[in-house]
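Report on the structure given below.
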Amino acid sequence: MSQVDRKAHKGAFWRSIDELERSPRFQELLKNEFAAPFEELEPNSPGRRRFMQVIGASLALAGVSGCRWQEDHLLPQTRRPAGTTPGVPRSFATAMELGGVATGLHVTSYDGRPIKVEGNPAHPGSHGACSAIHQASVLDVWDPDRSEGVCTFSGTQRTASSWKAFEDFATPLFAGLRSQAGKGLRILASESSSPSLAALRSKLAEAFPQAKWVEYEPVSQENEREGSRLAFGAPHRMLLDLEKADIVVSLDTDLLGLHPAALVHSRAIAKRRTPELGEMNRIYAIESVFTLLGVMADHRLALRSELVKAVAAALDAEVSKLVQPAAGFGPPQERPAAAFLEDAQVAKFIAVAAKDLVANRGKGVVVAGSHQPPEVHALAHRLNVILDNVGATVTYVADREPTRPTHVAALKSLVDEMNAGQVETLVVLGQNPVYSAPADFGFGAAYAKVKHRIHLCGYEDETSHASTWHLPEAHYLEAWGDALGWDGTVTMMQPLIAPIHGGRSALELVALISGDEKKVGAELVRRTHAERLSTDKAWRKAVHDGFIAGSAAPVVRPELRPLGKLTLSPRELGPKEVDNGNLELVILPDSRLYDGRFANNAWLQETPEPMTKLTWENAALLNPATAEKLGVGDSTLVKLEIGGKQLTMPAMMSPGQAKGSVRVVLGFGRTTLGHVGGLVEDGVEPTGVDVYQVRTSEALHIAGGLKVTPTGEYYQLGTTQDLHAIGDIGREGAAERIPELVRQADYAEYKAKPDFAKHKVEHPPLLSLWVAPVSYDGQKWGMSIDMNRCMGCNACMVACQAENNIPVVGKEQVVMGREMHWIRVDRYFRGLSDEPEAAFQPVPCQQCENAPCEQVCPVGATQHSEEGLNDMTYNRCIGTRYCSNNCPYKVRRFNFFNYHMEFKDGKNQMKAMSFNPEVSVRFRGVMEKCTYCVQRIQSVKIQAKNHKRPIKDGEIKTACQQTCPTEAIVFGDLNDKASEVAKLQAGPRAYALLEELNTRPRTLYLARVRNPHPELG
Amino acid sequence: MTLFVFPRWANRAKSVAGLLLGGAPVYLTALVWYGASPKTTDVGYQPKQPVAYSHALHGGELGIDCRYCHNTVEQAAMAAIPPTQTCMNCHERVWTKSPKLEPVRQSWETGKSIEWVKVHDLPDYVYFNHSAHVMRGVGCVSCHGRVDQMPVVYQHETLSMGWCLDCHRAPEKNLRPPSEVTNMNWKAPGDPEAYGKKLREENDINPPESCSTCHR
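Chains as they are written, first to last, in my numbering: chain A, 7 to 1023; chain B, 45 to 260.
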């Protein structure tokens, strides 16, 4: 960074360090707008093979099947079920459980095939939104790598088997165990809140009193749980009402990212980030890694995660001084004697945040991150109690199982028992502990000592290969089930399709083990709720709605206990800057692959990580200043050494990462999974690096004493951040333009001049050489994207991919700038490169009225519709790419290859089932782009006209809009002046991207407004 | 070595060859023009169906309304092929022993679909919606011809894009009151053109011509 004139960049937005530094690599990229020419790609290079292995299924014969010579058949059902119409999609309520928390979903079924996931608008955990992971989960149903049947393993010998054989084996085994009261039987399960599973567990406990049930999740809310135990004496779950919160103080948390209630949080917080709707909230984020909340925050303090404990203590000291809490709450923490706390910037930050919290008593929230130790959570609870936030913005519900040990403790005792030879039969339900258990447990070696190792899982994975029996698990869209939402709402799950590979759910397997008289999932679930849903009607309503209304857990008000003086280790006291060998390693779940269970999902693999824009891999993130100090170059391999273990992985400079802190994510480096995530025995190398190798039970998330050794070896990272550079006149032009693309003002400025964004660019009157081709008498579709609401979560990208049959291209193609996402989320930084602000900007096709693409197409493949859409006619396209060249927004995507080629052969044919039949599948050599989901527009238009009624505002939702957790995207008819989008576009914050080019885009952006505290400025 | 000399008849052959060479492009163009046009390839397409079902008998002689079997035509994109159940509604009682109905009875017993051969087969990139046309008063006969006179259904129109656009640009001649869409013998009262214009205005029919109307 030394050559960078830091002052010159204060206040301006930029995209990447390369761009900021004008590195030769960036210059190369700018010169070559479409990245490497495609001759450079060897047709049979390993890279190309990977992309062939990648998802792809397409109707490869789509173009041919119209010819007469191919005979098509029509196969009507012999009996058409009541209420079904062939070719008309239907939607069913179900839910996905992740880490014991259910999110209500609506899943679209097309002639019996689940093809699209949306949020359940009535479910309190969804409000109609869903995350990228939910969106992508439907692809797993059609994954040809899924486990196809029961098999046995003996050494490396795999033998196909059947459920019948397993039952023949299991019946005497469990009967024998029953006669010994379950001695030597252990069950290792994922965390689940399913009432049905709980009922089966208690039956199991009766039949096998000496058996033990162990719950383990590599990624969990255990620290929160233990923190509430410290604060209240018993574990509680904290529910936030962020709509009421004027002040949010985040202690290293990502409320909007992978938090189980992220959808609820984002919907609520977005309402407080919309100045038109009322006073804005103010967010303070103290964190090591740039989180989505950190991007939205008005003030962000980048500190190593290990220092946050001292900050929390100082905050308690500061706040307690101002509010004088009741004596019963115990003495406040003393301000820790840490030098870094006296740093002017840090001290002021804490003082102002404390002052703001006190000034807004009962209207604030203090919340700690799930990777912070329990003490920090306890302090957050204490702060909320003494600030009277409890009962207003914060409520509590009691934990379901207050006495259970923590996941890690339970797994540790299981491993000890296995090593001691006390476990004869271990049933693993869904988890993959051979891959994901803490490295110091030696799970694999201990597991081998168990005689009967039975593994239920959707894939034949690392643990399956170490087991004696592998049983295929039904996907959640194939199984009956139930689970609790974050607030305890009883949520029902119904299958959308019968198990394709004969899989069974964990519920059914436990019923089998416990010798239950009911064997089928539906009956098991129905029996659990027999009391509450006694009539057929009530049962059907619950299944139809997807949850039982009013079943949320009762809100309790736990008593705060005095918290003793916290002990802070020397590491936790600073200093602010640490040397190599003393660095901090922060281990987090990946925002897409979670703990690794979604690693075979190509949509998620190719979704760029929000801040780094990395696809297909993970990297060690370092602050640029730290990297410079360590002599680590961007995109080079580094050796990470910690606790006697080491790992070599690529390093990436990440502006905003705390100095002295290195972030890595879990979930990558799968060796035994499938052709997307990695399957070494088939020659498919893993994507990314397995970080579990250095993750120990003492330091699950934050580890000290890290040594980073640069190797200097260059490594090509699969990032999209420099692709699609807007403007081709070099860095100056781009730097000049970025503030015009992302328009931002402070709240005070906004109040004084709400239409500040409209005056950012001065241009002469815009006249066109062209006569407007259409008059737009009927509907005039438009979109608005609120930059103040967008939090960069990527849900829109995956929703678009699922809706529009967008192919995945693989890392090598991504590096060449050929990713196919119709909507991308640009990430800009602003300010100094070590402590910048950031902003997200989703960019789909702007549907220009005066579209540059239309004017240059030699074959008329892109045409203006009567409603103002830039229609793309794939069959006319001959692939000149003139349109993409002429598009100033760089939103057009070209099919350089037939990305659906391998779809034709055998197993892969199943992938075609995931396609949306309402959208054409594109072939090689064809340009494509966002259509405003024209298939959804047409479907509603036809129905409305059939019934001779007008289209209601909000009736047509684009896929990105429907899933957006913050409702940042609004779509509708601009000719209807009462429509929401027309009002937003007429509002003061609306502006067009590159309006000076006179493209007259139909998509307008609403400018960002920050709400800084006057004292922090 | 003696030089090769073309025989005298080669002079005449030269002009014939010239004619052939000159005529070939014209001939080839004409051949492709005619041979590959939907008029040649598609119109009259009449595949053999697994069941000798006669529309002429059921729709024509017996006068069963089209919508008795194709009952989704007013709500959905597809005018669904009826399930075997629809056949059996009558044929459980009528012609229960007919050998012609053997495949139907088999399908009913085994639950396996009858594999009908698709006659009107649009390319996969075309999204045609039956309900949008039927509800506006475009008669079945306009696109499918006199199905009530077809013992075995064949394709009556080209179903080409140009043919679609002809009607989208001037729908008047194919409009009728929506209640009459399945009536094969319907005739416009008075001047058909004027009557179509009136219906168009009454029912607010403005067929779009944008690409995305049919291609998505």
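Don't be surprised by glycine CBs; every beta carbon is placed ideally from N, CA and C. Predicted, not measured: the structure shown is a model, and the values here were computed from it.
Beta-carbon of residue i versus every beta-carbon of chain B: anything under 7 Å?
{"i": "Q59(A)", "result": "For Q59(A), the predicted model reports a pLDDT of 44, less than 50, meaning its position is unreliable; a value from the coordinates is still stated below. No - not a single Cβ of chain B is within 7 Å of the one on Q59(A)."}
{"i": "T879(A)", "result": "yes"}
{"i": "E612(A)", "result": "no"}
{"i": "Q869(A)", "result": "yes"}
{"i": "G93(A)", "result": "yes"}
{"i": "A68(A)", "result": "For A68(A), the predicted model reports a pLDDT of 36, less than 50, meaning its position is unreliable; a value from the coordinates is still stated below. At least one chain B Cβ lies under 7 Å of A68(A)."}
{"i": "L980(A)", "result": "no"}
{"i": "F44(A)", "result": "Confidence at F44(A) is low in this model, with a pLDDT of 39, below 50, so its placement is unreliable and no value can be given for it."}
{"i": "I121(A)", "result": "no"}
{"i": "P1007(A)", "result": "no"}
{"i": "P266(A)", "result": "no"}
{"i": "N952(A)", "result": "yes"}
{"i": "Q915(A)", "result": "no"}
{"i": "S97(A)", "result": "no"}
{"i": "D78(A)", "result": "yes"}
{"i": "T964(A)", "result": "no"}
Tell me, please, whether the CB atom of residue i is closer than 7 Å to any CB atom in chain A?
{"i": "M179(B)", "result": "yes"}
{"i": "Q129(B)", "result": "yes"}
{"i": "K92(B)", "result": "no"}
{"i": "W53(B)", "result": "no"}
{"i": "S204(B)", "result": "no"}
{"i": "T84(B)", "result": "no"}
{"i": "C255(B)", "result": "yes"}
{"i": "N173(B)", "result": "yes"}
{"i": "A123(B)", "result": "no"}
{"i": "T116(B)", "result": "yes"}
{"i": "K162(B)", "result": "yes"}
{"i": "E159(B)", "result": "yes"}
DSSP puts residue i in a beta bridge; with which residues?
{"i": "S256(A)", "result": "A291(A) and V373(A)"}
{"i": "M933(A)", "result": "F900(A)"}
{"i": "T238(A)", "result": "The amino acid occupying residue 238(A) in the given sequence is Phe; Thr does not appear at that position. The partner list for F238(A) (beta bridge, DSSP) is empty, contrary to what the question assumes."}
{"i": "I791(A)", "result": "I975(A) and Y1011(A)"}
{"i": "H112(A)", "result": "A99(A) and E124(A)"}
{"i": "W148(A)", "result": "Looking at the DSSP assignment, W148(A) forms no beta bridge with any residue, so it has no partner."}
{"i": "T431(A)", "result": "L191(A) and H458(A)"}
Between which two residues does the beta strand (DSSP E) containing residue i stretch?
{"i": "S1(A)", "result": "Beyond the ends of chain A as shown, which are 7 and 1023, falls residue 1(A); an answer cannot be given."}
{"i": "V865(A)", "result": "That residue, V865(A), is in no beta strand (DSSP E); it is neither H nor E in DSSP."}
{"i": "A709(A)", "result": "I708 to Y720"}
{"i": "D488(A)", "result": "G487 to L490"}
Output the boundary residues of the alpha helix (DSSP H) element that contains residue i.
{"i": "C806(A)", "result": "A801 to E809"}
{"i": "S419(A)", "result": "H413 to N425"}
{"i": "W207(B)", "result": "M205 to R213"}
{"i": "H471(A)", "result": "E468 to H471"}
{"i": "W169(A)", "result": "W169 to S185"}
{"i": "L17(B)", "result": "Chain B is shown from 45 up to 260; residue 17(B) falls before or after that span and cannot be answered."}
{"i": "F835(A)", "result": "First-last for F835(A): R830 to R836, but that is the beta strand (DSSP E), not the alpha helix (DSSP H)."}
{"i": "S557(A)", "result": "From DSSP, S557(A) is part of no alpha helix (DSSP H); its letter is neither H nor E."}
Report back the beta-carbon spacing between residue i and residue j to the nearest angstrom; my notes put them in contact at under 8 Å.
{"i": "S198(A)", "j": "E103(A)", "result": "6 Å"}
{"i": "A950(A)", "j": "I957(A)", "result": "5 Å"}
Can residue i be considered in contact with the ligand GTP, in the sense that its beta carbon sits closer than 6 Å to one or more heavy atoms?
{"i": "I744(A)", "result": "The ligand GTP is absent from the structure shown, which contains no ligands of any kind."}
Problem set entry | the stretch 384 to 403 of chain A contacting the stretch 367 to 374 of chain A, beta-carbon criterion three pairs below 8 Å | Segments in contact, yes.
Exercise. Using 8 Å as the threshold, is the stretch 639 to 646 of chain A in touch with the stretch 700 to 716 of chain A, meaning 3 or more CB pairs across them?
Worked result: With the cut-off at 8 Å, the stretch 639 to 646 of chain A and the stretch 700 to 716 of chain A touch.
Exercise. Taking contact to mean at least 3 C-beta pairs separated by less than 8 Å, is the stretch 623 to 638 of chain A in contact with the stretch 256 to 275 of chain A?
Worked result: In short, these stretches do not touch, since the Cβ pair count stays below three.
For this session: Please confirm if the stretch 75 to 90 of chain A is in contact with the stretch 140 to 160 of chain B, defined as three or more CB-CB distances below 8 Å between the two stretches.
Result: Verdict: yes, contact present.
Exercise. Are three or more beta carbon pairs between the stretch 984 to 993 of chain A and the stretch 798 to 814 of chain A nearer than 8 Å?
Worked result: Output reads no: the stretch 798 to 814 of chain A does not touch the stretch 984 to 993 of chain A.
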